[in-house]
Amino acid sequence: MAKGWYQAFVCLLAAAALSLLAAQQGRTAVPAGGAAEVGEESGSEPLPKYVALTFDDGPRADTTSVLLEGLQQRGVKVTFFLIGEQIEGNEWLVRWMAENGHQIGSHTFSHQKLAGSGKDTILQEINKTEVLLSSVLGEGREYWLRPPYGLIDEAGKKLVKTPMVYWSVDPEDWKVLDADKVSEHVCSHVQDGDIILLHDFYPTSVEAALRIVDRLQEEGYEFVTVEELLRLNGTKAEAGKLYRNAWEERL
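The following block contains the structure:
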């Protein structure tokens, strides 16, 4: 009788221990935070961050060529807004841009301010550049516009048949002319979805641009063209509208 009671007691202890172990496993199998924490613990990759590097006022043989080489080595695509007057003699650079998948846009023919200009002047500045680009790259391309100084009035917007591009990060590289300061400004201000303004006309800007690429890639950013940036965000780019980042117009 005593032996039977002892065996029963041992069985009860064993059952209690198994029950406690199962409960403990149940608590640790699904973290309190839910699926997000499971993903973090299993090592899932963070969501990518996208930015668009843009360059104005080129092409210029001695600086744009260095930039294109550096971008090619890094596998990065950017957007160039070209001045028509700069294209003659630099057609090879324009073709290089296209062959490497960069987006090519217009910065007008002579960098004339469009705000306040008459209809004929605006159309001439835009059309002359597009005709020149088409003679280099062939027909069928759309050249988004960046108005000089980022300025265009409502009357001018109605004349533009493509989307327009402003910017959300501007280190004023044309004035600073210091690669350290330019790159630091961009890297400390940039956010997911930003459009960065630089000028491939200046050696310091080219140096800064490649530093920016290296640093932001280390921080998890991916570089895309402006057209890709808007598309990835689900933004439908419309003619005559001026975009300052992946989702926001500049009014």
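Using the working numbering, the first residue of the sequence shown is number 9, and each one after it goes up by one. Glycine is no exception: its CB is placed at the ideal position from the N, C-alpha and C atoms.
Buried versus exposed, by CB contacts within 10 Å (16 or more), residue 142: Residue 142 is exposed by the Cβ-count criterion.
In chain order, what residues of the same chain have a beta carbon less than 7 angstroms from the beta carbon of residue 249, not counting five sequence neighbours either side? Only 171, 172 and 257 meet the Cβ criterion.
Buried or exposed: where does residue 197 fall if 16 or more other Cβ atoms within 10 Å of its Cβ makes it buried? Residue burial is scored here from C-beta neighbours: residue 197 has fewer than 16 other C-beta atoms within 10 angstroms and is therefore classed as exposed.
Contiguous beta strand (DSSP E) assignments of at least 3 residues, all confined to the segment 79-165: Listed in chain order, the complete beta strand (DSSP E) runs (minimum 3 residues) inside the segment 79-165 are 87-90 and 111-114.
My guess is that residue 103 and residue 209 are in contact by the Cβ rule of under 8 angstroms, so how many angstroms apart are they, rounded? Not quite, the Cβ-Cβ distance comes to about 19 angstroms (not below 8 angstroms), so this is no contact.
On the DSSP bridge list, what partners appear for residue 202? As DSSP reads the structure, residue 202 sits in a beta bridge with 253.
With a threshold of 7 angstroms (Cβ to nearest heavy atom), would residue 109 be considered close to the ligand NAP? Judged by which ligands are present, the structure shown has none, so any question about the ligand NAP falls away.
Measure the CB-CB distance between residue 234 and residue 60 and report whether it falls below 8 angstroms. Yes.
Under three-state DSSP, which class holds residue 173? When DSSP states are grouped into helix, strand and coil, residue 173 belongs to the strand group.
Measuring only the C-alpha atoms, how far is residue 146 from residue 138? Taking the straight line joining both Cα atoms gives about 10 angstroms.
By the three-class DSSP mapping on this structure, what secondary structure does residue 184 have? Residue state, collapsed to three classes: helix.
So, with DSSP's three-state summary, where would you put residue 217? Of the three classes helix, strand and coil, the one that applies to residue 217 here is helix, per DSSP.
Sequence-distant residues of the same chain with beta carbon closer than 7 angstroms to residue 187, five excluded per side: Hits under 7 angstroms: 212, 215, 216 and 219.
Quick one: Cα of residue 154 to Cα of residue 66, how far? So the two alpha carbons sit approximately 13 angstroms from each other.
Once you ignore the five residues that flank residue 207 on each side, which residues in its own chain have a CB closer than 7 angstroms to its CB? Same-chain partners within the cutoff: 63, 64, 65, 181, 182 and 213.
Where residue 168 and residue 134 are concerned, what is the direct C-alpha to C-alpha distance, given to the nearest angstrom? Computed Cα separation, rounded: 8 angstroms.
Does the beta-carbon distance from residue 110 to residue 87 come in below 8 angstroms? The answer is yes: Cβ separation under 8 angstroms.
Here's the rule: buried if 16 or more other CB atoms are within 10 angstroms of the residue's CB, otherwise exposed. What is residue 97? Looking at its Cβ environment, which holds fewer than 16 other Cβ atoms inside 10 Å, residue 97 is exposed.
Is the CB-CB distance between residue 195 and residue 224 below 8 angstroms? Against a cut-off of 8 angstroms, the Cβ pair of residue 224 and residue 195 comes out as a contact.
Have a look at residue 33 and residue 254 and give me their C-alpha separation to the nearest angstrom. Its pLDDT being 42, under 50, residue 33 is placed unreliably in this model, and the value from its coordinates should be taken loosely. If you take the alpha carbons of residue 33 and residue 254, they lie about 45 angstroms apart.
Is DSSP giving residue 178 helix, strand or coil here? In this structure, residue 178 counts as coil in the three-state DSSP scheme.
How is residue 230 classed by DSSP in three states: helix, strand or coil? DSSP, reduced to helix, strand and coil, places residue 230 within a strand of the structure shown.
Start-to-end residues for the beta strand (DSSP E) that takes in residue 58: Looking at the DSSP string, the run of the beta strand (DSSP E) that includes residue 58 is 57-64.
Is the distance from the Cβ of residue 157 to the Cβ of residue 121 below 8 angstroms? The answer is yes: Cβ separation under 8 angstroms.
For residue 165, would you say it is in contact with chain C, using Cβ-to-Cβ distances shorter than 8 angstroms as the test? No chain C is part of this structure, which consists of one protein chain only.
Which residue from 76, 162 and 84 puts its Cα closest to that of residue 222? Nearest option by C-alpha distance: 84.
Spatial distance of residue 45 from residue 231 (CA atoms): With a pLDDT of 34 at residue 45, under the threshold of 50, the modelled position of this residue cannot be trusted; read the value that follows with caution. Cα to Cα, residue 45 sits roughly 28 angstroms from residue 231.
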